[in-house]
Amino acid sequence: MDKKKEHVYAVIGLGNFGNAVASLLSEKGMEVLAIDADEDKVENIVNKVAHAVQMNATNEQSLKEIGMEDVHTAIVSVGDDIASSLLICTYLKDTLKIKNVIAKATDHKHAKVLEKIGVDRIIFPEYESAKRLAETLVSPNIFDMIELSEKHNIAEIKAPQSFFGRTLEEIDIRKRFDVNIIAIKRNVPTTGDNFTNDFEETTIISPSPKEQIVEGDVLIIIGIKEHLENINKI
Amino acid sequence: MQEEKEKILEAGSFYFLNQQFKMAIKIYKKGLKLYEDDKDILFNLGVVYESINNFESAKECFKKVLEKDDSHKQAMRHLEKIIKT
Chain C
170 MDKKKEHVYA VIGLGNFGNA VASLLSEKGM EVLAIDADED KVENIVNKVA HAVQMNATNE
230 QSLKEIGMED VHTAIVSVGD DIASSLLICT YLKDTLKIKN VIAKATDHKH AKVLEKIGVD
290 RIIFPEYESA KRLAETLVSP NIFDMIELSE KHNIAEIKAP QSFFGRTLEE IDIRKRFDVN
350 IIAIKRNVPT TGDNFTNDFE ETTIISPSPK EQIVEGDVLI IIGIKEHLEN INKI
Chain Y
7 MQEEKEKILE AGSFYFLNQQ FKMAIKIYKK GLKLYEDDKD ILFNLGVVYE SINNFESAKE
67 CFKKVLEKDD SHKQAMRHLE KIIKT
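Here the protein sequences come in this chain order: C and Y.
Going letter by letter, the first sequence gives residues 170 to 403 in my numbering.
Going letter by letter, the second sequence gives residues 7 to 91 in my numbering.
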């Protein structure tokens with residue numbers, strides 16, 4: 170496989186989501202081709218990515234002419250314009266044979282058609298962030314929950330008070346809750362001139378059984394969702 | 007710096023460094039009774055709250071610091087970080 174191509178991305182549609190994805194990929198050293206029909210949106214990103222092009226991506230010929238054949242992954246984020254999204258994805262998969270096409274869907278009907286076209290990954294950013302926000306509001310001690318598979322999640326949980334001052338061995342979380350602590354995020358207190366407080370954010374990866382939990386620790390735990398939620402009930 | 011205030015800041019930082027957060031909070035709250043809305047004490051209290059993930063209380067402290075001194079860079083940095091979390 171051509172290694173160079175794996176680092177070449179196209180982002181079509183530069184609204185808030187598209188702009189953020191393109192900028193972040195570029196920051197991570199990827200070569201990004203950013204496309205939008207709106208001149209202002211292209212102008213906004215021109216200094217952040219390798220190539221920024223103002224064009225109508227529903228035009229098959231134009232897509233061929235701008236070097237899309239070098240693109241390994243294309244992200245289609247054309248807002249609420251479902252017809253354009255479907256047309257662009259069809260060109261990317263059928264004509265340009267882009268290996269990995271990721272498209273933003275506005276609803277489940279849109280997602281179903283994208284799936285039929287052969288889009289490799291369909292995302293619902295608004296729904297996904299709303300779901301995460303709702304989860305953190307309902308369970309304030311769960312800072313974040315990432316789906317690893319249908320059953321398994323990784324959660325960031327505020328260490329419960331009953332854990333303070335005890336070692337992982339003493340808490341015996343694996344036996345009690347059938348989950349594993351894979352890391353601990355800890356704010357280590359520091360003090361500067363004139364006794365000004367601050368702290369350093371540290372992460373203890375694969376903590377030893379002798380590690381003692383302190384107030385303010387955030388536990389990164391892997392396990393079945395229901396088991397993870399049980400810790401939150403302590 | 008007033009001698010008494012310095013003692014409060016020193017004692018608060020001592021407990022904070024030793025991860026005795028409740029004691030540090032107690033000291034700073036006592037200090038605020040003597041030096042009402044003092045920005046140094048409020049800032050340190052905010053950092054203690056933030057370090058133990060009590061973001062609401064931390065936010066209140068940093069906002070008060072910025073009401074007193076709107077160019078307090080450290081308070082700005084901490085407040086921005088909490089809001090983005």
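Glycine included, each C-beta is placed from N, C-alpha and C at the ideal position.
None of the values given here were measured: they were computed from a predicted structure.
Limits of the beta strand (DSSP E) - the one that residue i falls within
i, result
"C:Val190", "Per DSSP, C:Val190 belongs to no beta strand (DSSP E); it is in the alpha helix (DSSP H), 185 to 196."
"C:Ile311", "311 to 316"
"C:His321", "321 to 327"
"C:Gly392", "387 to 393"
"C:Glu370", "366 to 374"
Cβ of residue i within 8 angstroms of any chain C Cβ
i, result
"Y:Ala64", "no"
"Y:Val71", "no"
"Y:Leu40", "no"
"Y:Gln8", "no"
"Y:Ser19", "yes"
"Y:Leu15", "yes"
"Y:Ile58", "yes"
"Y:Phe22", "yes"
"Y:Phe27", "yes"
Presumed contact (8 angstroms Cβ cut-off) between residue i and residue j, rounded CB distance
i, j, result
"C:Phe293", "Y:Glu16", "Actually they are not in contact, since the Cβ atoms of C:Phe293 and Y:Glu16 sit about 52 angstroms apart, beyond 8 angstroms."
"C:Asn310", "C:Ile326", "6 angstroms"
"C:Gly182", "C:Asp209", "Contact flag wrong, Cβ pair sits at about 14 angstroms."
"Y:Tyr22", "C:Asn366", "According to the sequence provided, residue 22 of chain Y is Phe. The question's Tyr does not apply to it. Correct: roughly 5 angstroms between the Cβ atoms."
"C:Ala191", "C:Ile214", "6 angstroms"
"Y:Lys45", "Y:Val71", "5 angstroms"
"C:Pro376", "C:Leu337", "6 angstroms"
Residue i and residue j closer than 8 angstroms at C-beta
i, j, result
"C:Met237", "C:Ala179", "yes"
"C:Val245", "C:Ala272", "yes"
"C:Ile323", "C:Ile391", "yes"
"Y:Ile33", "Y:Ile14", "yes"
"C:Leu388", "C:Ile353", "yes"
"Y:Lys74", "Y:Leu85", "no"
"C:Leu265", "C:Ile286", "no"
"Y:Gly37", "Y:Lys11", "yes"
"C:Val177", "C:Glu200", "yes"
"C:Ser308", "C:Glu398", "yes"
"C:Leu261", "C:Ala280", "no"
N- and C-terminal bounds of the alpha helix (DSSP H) containing residue i
i, result
"C:Pro294", "294 to 307"
"Y:Ile47", "45 to 57"
8 angstroms Cβ cutoff, residue i in contact with chain Y
i, result
"C:Asn366", "yes"
"C:Thr360", "yes"
"C:Val135", "In this structure chain C extends from 170 to 403, so residue 135 of chain C is not present and cannot be described."
"C:Gly356", "At residue 356 of chain C the sequence reads Asn, which differs from the Gly that was named. It does; some Cβ of chain Y falls within 8 angstroms."
"C:Asn363", "yes"
"C:Lys327", "yes"
"C:Lys172", "At C:Lys172 the pLDDT is 46, less than 50, meaning the model places this residue with poor confidence; the figure from the coordinates comes in the next sentence. It does not; no Cβ of chain Y falls within 8 angstroms."
(message) As an exercise, report each continuous alpha helix (DSSP H) stretch of at least 4 residues that is fully enclosed by the segment 173 to 260 of chain C, in chain order.
(response) 185 to 196, 208 to 214, 229 to 234, 251 to 259
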